[in-house]
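Peer 1:
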Amino acid sequence: MKIAPLAAPAQGETLNLPAAGGVIALQKPRVPGKMTCANIQCLTNYYKLNLGKRFSVAYFYTVKITRVGRAPTNPSTKVEPLKPAAGPRKERKLGLKLNKLIFRELSRHDAGDQLLAYDGRARACGLKRIPNDALNLVVGFDNDQWELTLSFEKSVQLTGLMPGPEFGKADDEEEALLGVAIALNHMPALQFTPLGRGFYGLPGETPRSISGGFELWSGYKAHVIPGQDSLYLNVNFAITAFIKPGELIDLLPDLIRENSVPPSLHNKHIAELKKKLTRCKIECEHLKSTNKPKKMTVATITSLPASQITFVNREGRTVTVAQYFAETYSKLQYPNLPCVQVGTEKPRYFPLEKVTVLKGNPYRGEQTPQMVSDIIRQAAIKPRNRLEEIRHTVKILRGQNELQNEFDMQIGEELTVPARILPVPILECGAMNGNQRKTVKVTPGVIDFRSDKFFSGSRITKWTVVITDERASQRDVSAFVEVLQRQGAQTNVQIAPPMRVGGAFYTISDRLSFEKVEKQIESFVGQNGLEFVLFVISESSPIHAAIKFVCDVKLGVSSKCVKGATVYKVTNNQRGGPDQVILNILYGLNPKFDGENVLAGSQEFARQFLESSPTLIIGMDVNHGQAKARDGHVKMPSTVGIVGTRNRNATLYNAYMRAQAKPPNSADKEVIQPQILKTAMDKLLRGFREGSNAIPQRIIVYRDGVSNGQFNAVLDKELRAIVETCQALNKDYRPTITFITVQKRHDTRLFPTKVTKNHKGDEKQNPIAGTVVDNTMTGSRVWSFFLVSHEGIQGTSKPAHYTVLRDENNFTNDQLQSLTYYMCHTYGKCPRAVSLPAPVYYAHHVAFRAAELGTHRFFQDPRHRDIDARTNSSGPNGAVQLAEDEKFVLNTYNEACLISAKYAKSMYFL
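Mapping to UniProt numbering: the sequence shown position 49 is 49, numbers consecutive.
Here it is in structure tokens:
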């Protein structure tokens, strides 16, 4: 592909930063790409959203709901007030659905003869102002009395969301879009089960069981999105896990992954139940005949069994829970199982066999690998089937009369957009016959590397294999090594014979403690002066973190983990010819030892661009790992991964990892702290100069994990940090910078109108790799495009969404799309085009490695038990102690991120 070379940036085109906190203008959209290539039409899951004249202004109200008493049994009596608390009453945080059900008791008359839409938290929205701009009344719901307070907040014009000359010019577009979204989601939140941004439990949907005591509910997610000249509703099929309903004692084996109900529970089983059942809604059969609440919320699972938990009964006698039930109801069948605890200040305990888990309890914890696998398998539906599910959902939404009658909105027709298929990049490698270069065969999404050598090879001399999988035989491992060496020689990775001990490979049992495993690895590898170790590990072994900590941090030795099942698969390959698994391993090993796999051909724009001026390409990501911590619990830090090219070809990278505390304001959690970024940039700039003997004149940043609402914050803090680092090195040094965010957490999908077939006759319903859309649906305020760079094999392909926040390098759409598509072909783990540019994937790997190392070291430190024991601490020193604990955790993480100096300049994260 030939594209006109980039024009050099005009003098003074670099950004003059405003004062700290000032708004940096986002990059305006560029003209859509005009490159000569295949043009197609794509259906989308976007639907035109028409706002009527009555919804030209959104009136916002602040909402507060407070429980004030119990409902009177006799309607003529007064509300029974709450008993005064001994100290300050902790305000109860109500659930979204409960809030909405209470808010529904607000009459149209009280709201000024209108239906107010409510977000379930703190804001409501309507088409007109309520009388006196305020409202205060008491409503009854679920045997309680609630005080409902509304106060006028502001009005926002919506004319900037309506087609015409004013479209896209709203002064407060975010608030205008929020008003539309609140109105759109008001009724679904009452009719279905809201969770996050999704709604589940649609009519006719049947939950599907998966392992671990879960079931999957399907539903939808909907977003209001401004296109280039119209407002659209983006609707996508969604699936998520809920706890199975039913008698808890019957669910127990599934929940703890056992075949039957055990007589007692191990600590790991109790921890598993806590993770799954905390905050679940339950009821108890034995309370139904009383006036006590039938529905309750699980606070925790007790560590002690029912036979050991005691309390003082009404007669003043101390009894166990098991005794109480035997005397009051019936003898427990499982007295040595723990109890469900309800409440914390005045806890009540219910034996597992007396508890029923209600329907509709979403799982909010961290997903296990098996759970992720189950969800992916269930969610991986064919594109056309997904499209039909989406259309069915839109039909349901169109059937809501309130949408049109109350809020004057209509959901229009499905959007079809023009798309282009970018040409596959020209890639060069080393030829088998010894010639300097050869063009690799590339088809959309796939690099055919079966008969080629890497562009530049590498050499591994002092190395060995360490076996930790007890099922892996010495014979299979030896055969695996032979295939690795043979195929390595063919691809230009020269692998010397591995070191053996007494004719066999060294073995370490993964049943040992992490401490003992680390000591054995450190002793064996350190004494033998090795530069590379291949570890054969079992499928479910947690040993990976210990291996990486010893090799990356302590010893500075390259390592690679291969599962025993993979070794067996390779050694029993009957197909003949190159083994794809081995090729993937070599593809990752070569750059670890400074080899280059493929390079853009001389005709490629990427090659011309990179050779025209020294260019540093950066990838950045933040990993949050832990689910949201509850109040009183230690927040595990986020981890930052930043990578940058260290050669002119943009094939080899330096990396920097660090942990940062989660900020109090969750809106800032994605922003990389300026000091961390400055330190990383200093290292990357020096690393590029050392590796290429040149100073970067251009910097291109691919930033992962940023939502639309954080664009300005990221620009202000991160772009500023990059510029200030450059000028700290030399006050006159100011390279031109292009800053691009890359998003995969969105719900946009593309469906080609014409379905092609592969050589087997199977329909290819996903977009062909290279499909790009930069019009109609991409917005009028900022430059963005959608690119499907990978081949969709399973399920429905998700395009990556690129938003150019700032461009000082004068890219056209064609040029930036071409460069980005090429970078998706340079990923050093497999010969395929991947869904994101290589530096983004690398940054993700680095951030994940930092989290893995930090978590490993924290739980190896004996002090973690004290920290766990102090969670939910109360009293005047609770907050102080919590801050000290979080500081200790942060320091532990950062100590674990200190990669050995002699190894830090390699691509250790592959």
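Ideal Cβ positions, reconstructed from N, Cα and C, are used throughout, including at glycine.
So I301 and L273 are in contact, right, with Cβ under 8 Å, and what is the actual spacing, rounded?
Peer 2: The count along the sequence shown starts at 1 and reaches residue 301 at position 301. The count along the sequence shown starts at 1 and reaches residue 273 at position 273. Rounded, the Cβ-Cβ distance is 4 Å, consistent with contact.
Peer 1: Compare the Cα-Cα distances from R745 to each of T753, Y802, V714 and report the closest residue.
Peer 2: The count along the sequence shown starts at 1 and reaches residue 745 at position 745. When only C-alpha atoms are compared, the closest one is Y802.
Peer 1: Take every Cβ of the region 175 to 194, pair it with every Cβ of the region 204 to 213, and state whether three or more of those distances are shorter than 8 Å.
Peer 2: The region 175 to 194 vs the region 204 to 213: no contact.
Peer 1: Are the region 562 to 581 and the region 476 to 489 touching, with three or more C-beta to C-beta distances below 8 Å?
Peer 2: In short, these stretches touch, since the Cβ pair count reaches three.
Peer 1: DSSP three-state call for S906: helix, strand or coil?
Peer 2: Counting from one through the sequence shown, the residue named residue 906 turns up at place 906. S906 falls in the coil class under three-state DSSP.
Peer 1: How big is the Cα-Cα spacing for C284 and A122?
Peer 2: The residue you call residue 284 lines up with position 284 of the sequence shown. The residue you call residue 122 lines up with position 122 of the sequence shown. About 32 Å.
Peer 1: Enumerate in chain order the residues of its own chain whose CB-to-CB distance from Y822 is below 7 Å, with the five nearest sequence positions on each side excluded.
Peer 2: Working through the sequence shown from its first residue, we reach residue 822 at position 822. The answer, listed in chain order, is P425, A600, E604, A606.
Peer 1: Mapping the DSSP letters down to three states, classify A86 as helix, strand or coil.
Peer 2: On the sequence shown, position 86 is the one that residue 86 refers to. At A86 the pLDDT is 49, less than 50, meaning the model places this residue with poor confidence and gives no usable figure here.
Peer 1: Which one of A659, L178, N528 has the shortest CA to CA distance from D119?
Peer 2: Residue numbering aside, residue 119 sits at position 119 when the sequence shown is read from its first letter. For D119, the nearest C-alpha among the options comes from L178.
Peer 1: Which residue comes first and which comes last in the beta strand (DSSP E) that contains Y349?
Peer 2: As a first step, residue 349 is located in the sequence shown; it is residue number 349 there, counting from the start. Where Y349 is concerned, the enclosing beta strand (DSSP E) stretches over 348 to 351.
Peer 1: Are F785 and N810 closer than 8 Å when you measure CB to CB?
Peer 2: As a working note, residue 785 is residue 785 in the sequence shown. As a working note, residue 810 is residue 810 in the sequence shown. Taking 8 Å as the Cβ cut-off, F785 and N810 do not qualify as a contacting pair.
Peer 1: Give the DSSP-derived three-state secondary structure of V483 in the structure shown.
Peer 2: What you label residue 483 is simply residue 483 of the sequence shown in a count that begins at 1. Correct three-state label for V483: helix.
Peer 1: Using only alpha-carbon positions, find the residue among D747, T741, V417 that is nearest to Y220.
Peer 2: Numbered from 1 along the sequence shown, position 220 holds the residue referred to as residue 220. Here the closest residue by C-alpha is D747.
Peer 1: State the start and end residues of the unbroken beta strand (DSSP E) segment that holds Q881.
Peer 2: Taking the sequence shown and counting its residues from 1, the one referred to as residue 881 is at position 881. Per DSSP, Q881 belongs to no beta strand (DSSP E); it is in the alpha helix (DSSP H), 878 to 896.
Peer 1: DSSP three-state label for K635, please.
Peer 2: One-based indexing of the sequence shown puts residue 635 at position 635. Reduced to three states, the DSSP call for K635 is coil.
Peer 1: From the DSSP secondary-structure annotation, give me the bridge partner or partners of H801.
Peer 2: Translated into the one-based positions of the sequence shown, residue 801 becomes position 801. Q743, F786.
Peer 1: With distances taken Cα to Cα, identify the nearest neighbour of L98 among P614, I24, A189.
Peer 2: On the sequence shown, residue 98 is found 98 positions in, with the first residue counted as 1. That would be A189, whose Cα lies nearest to the Cα of L98.
Peer 1: I want to know whether the region 356 to 370 touches the region 321 to 335 - three or more CB-CB distances under 8 Å.
Peer 2: With a cut-off of 8 Å, the region 321 to 335 and the region 356 to 370 do not count as touching, because too few Cβ pairs lie within range.
Peer 1: When the Cα of M777 is compared with those of H223, L387, C830, which residue comes out closest?
Peer 2: Sequence index remark: in the sequence shown, residue 777 carries index 777 (1-based). Out of H223, L387, C830, H223 has the C-alpha closest to the C-alpha of M777.
Peer 1: Assuming the contact rule is C-beta atoms closer than 8 Å, C42 and T416 should be a hit. Round their C-beta distance to whole Å, please.
Peer 2: Counting from one through the sequence shown, the residue named residue 42 turns up at place 42. Counting from one through the sequence shown, the residue named residue 416 turns up at place 416. C42 to T416, Cβ: 7 Å. Contact.
Peer 1: With distances taken between CB atoms, is the gap from residue 978 to P767 smaller than 8 Å?
Peer 2: As shown, the chain starts at 1 and ends at 910. That puts residue 978 outside it, with no answer to give.
Peer 1: Could you tell me the alpha carbon to alpha carbon distance between R420 and T771, rounded to whole angstroms?
Peer 2: On the sequence shown, residue 420 is found 420 positions in, with the first residue counted as 1. On the sequence shown, residue 771 is found 771 positions in, with the first residue counted as 1. The alpha-carbon atoms of R420 and T771 are separated by roughly 6 Å.
Peer 1: If L49 sits next to L231, beta carbons under 8 Å apart, how far is it from one beta carbon to the other, in whole angstroms?
Peer 2: Taking the first residue of the sequence shown as 1, we reach residue 49 at position 49. Taking the first residue of the sequence shown as 1, we reach residue 231 at position 231. Indeed they touch by this definition, with Cβ atoms about 5 Å apart.
Peer 1: Here's a check: name, in chain order, each residue in its chain whose Cβ is nearer than 7 Å to the Cβ of I899, leaving out the five neighbours to either side.
Peer 2: What you label residue 899 is simply residue 899 of the sequence shown in a count that begins at 1. Excluding residues within five positions, the ones whose Cβ falls inside 7 Å are D552, V553, Y908.
Peer 1: Leaving aside the five residues before and after A86 along the sequence, list all residues of the same chain whose C-beta is less than 7 Å from its C-beta, in chain order.
Peer 2: The residue you call residue 86 lines up with position 86 of the sequence shown. Note on A86: pLDDT 49, under 50, position unreliable in the model; no value is reported.
Peer 1: Would you mind sorting H845 into buried or exposed? The rule is 16 or more other CB atoms within 10 Å of its CB.
Peer 2: Locating residue 845 in the sequence shown gives position 845, where the first residue counts as 1. Classification of H845: buried, given that the 10 Å Cβ count is 16 or more.
Peer 1: Take I282 and list the residues in its own chain whose beta-carbon comes closer than 7 Å to its own, dropping the five residues that flank it on each side.
Peer 2: To locate residue 282, count along the sequence shown from 1; it is residue 282. For I282, where only same-chain residues beyond five positions count, the Cβ hits under 7 Å are M296, V298, V340, V355, T356, V357, L358.
Peer 1: What's the C-alpha gap between R857 and E215?
Peer 2: Here residue 857 is taken as the residue at index 857 of the sequence shown, counted from 1. Here residue 215 is taken as the residue at index 215 of the sequence shown, counted from 1. Distance between the alpha carbons of R857 and E215: 34 Å.
Peer 1: If you measure between the beta carbons of V782 and Q27, is that distance less than 8 Å?
Peer 2: The sequence position of residue 782 within the sequence shown is 782, counting from 1. The sequence position of residue 27 within the sequence shown is 27, counting from 1. Result yes, Cβ atoms of V782 and Q27 sit closer than 8 Å.
Peer 1: Within this structure, are the beta carbons of Y903 and V598 separated by less than 8 Å?
Peer 2: On the sequence shown, residue 903 is found 903 positions in, with the first residue counted as 1. On the sequence shown, residue 598 is found 598 positions in, with the first residue counted as 1. Not in contact: Y903 and V598 (Cβ atoms no closer than 8 Å).
Peer 1: Closer than 8 Å by C-beta to F888: which residues in its own chain qualify, once you throw out the five before and the five after it? Chain order, please.
Peer 2: The sequence position of residue 888 within the sequence shown is 888, counting from 1. Closer than 8 Å at Cβ, skipping near neighbours: R863, I867.
Peer 1: Ignore the nearest five residues each way along the sequence and tell me which others in L387's own chain have a CB closer than 6 Å to its CB.
Peer 2: Counting from one through the sequence shown, the residue named residue 387 turns up at place 387. Around L387: F751.
Peer 1: Alpha carbons only, please: which of D668, G705, R734 is nearest the one belonging to Q697?
Peer 2: Residue numbering aside, residue 697 sits at position 697 when the sequence shown is read from its first letter. Checking every option, the nearest Cα to that of Q697 belongs to R734.
Peer 1: DSSP state of N872, grouped into three classes?
Peer 2: Start at 1 with the first residue of the sequence shown, and residue 872 comes out as number 872. Note that N872 has pLDDT 47, beneath the 50 cutoff, so the model's placement of it is unreliable and the number below is only indicative. In the structure shown, N872 sits in coil (DSSP, three-state: anything other than H, G, I, E or B).
Peer 1: Which same chain residues end up closer than 7 Å to I309 when comparing Cβ atoms and leaving out the 5 residues on each side of it in sequence?
Peer 2: If you number the sequence shown from 1, residue 309 lands on position 309. Same-chain partners within the cutoff: T302, T320, V321, C339, Y349.
Peer 1: Closest by CA to G52, which one among N45, P347, M409, P578?
Peer 2: Position 52 of the sequence shown holds residue 52. Of the listed residues, the one whose Cα sits closest to G52 is M409.
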